[in-house]
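Quick note on numbering: the sequence shown equals residues -19 to -1, 1 to 97 in mature numbering (1 follows the signal peptide of the UniProt record, and there is no 0).
Backbone N, C-alpha and C fix where the C-beta goes; we use that ideal spot for every residue, glycine too.
These numbers were taken from a predicted model, which means no experiment stands behind them.
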Amino acid sequence: MIRLSLPSLIVTASLLAAACATPATGRPPQPPASPTVQAEMGQREVLQAGEEYARLQGYAVAGKQEVVELRPNYWRLRFGLAERHSGKLLSLEFDGASRSVVREEIIPETGTQQSP
């Protein structure tokens, strides 16, 4: 059996009481985010990953952006390009499960496909 002295017992009890006595924030608990909000968060993460990929590949992304979920966790991203690719779009297919770009293509803004 462990023997505790009275002073150490009092110190321990006062520390525990202080830890439990934190004031309430006064706000009700927040409900979980709706599926729509959760999907938007996924889109934002995919968009950031696509922008990072484009930058690392040397593309100058400008203005127009499009994100479409083709099937669960598989996305198509399109970015307007600047400089030497002006008037064209960088089209990426992004696999959310592996967090990687699986297809890259440069297309005219009209939507007609063109080889890079």
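Of the residues assessed, L73 falls on the buried side of the cut-off, its CB having 16 or more other CB atoms within 10 angstroms.
Fully enclosed beta strand (DSSP E) runs of no fewer than 3 residues occupy 42 to 52, 55 to 62 of the stretch 7 to 66, in order along the chain. The C-alpha of S(-15) lies about 12 Å from the C-alpha of A(-7). Remark: C-beta atoms of Y40 and L62 approach each other more closely than 7 Å.
The beta carbons of E32 and V48 sit no closer together than 7 Å. In this structure, the straight-line span from the alpha carbon of E90 to that of F75 is close to 20 Å.
Nearest to Q46 by C-alpha distance, out of R36, P53, L28, is L28. Under the three-state reduction of DSSP output, S72 falls in the strand class.
Around the CB of R59, 16 or more other CB atoms lie within 10 Å, so the residue is classed as buried.
Distance from the Cα of Q38 is smallest, within the candidate group E86, P(-13), G44, for E86.
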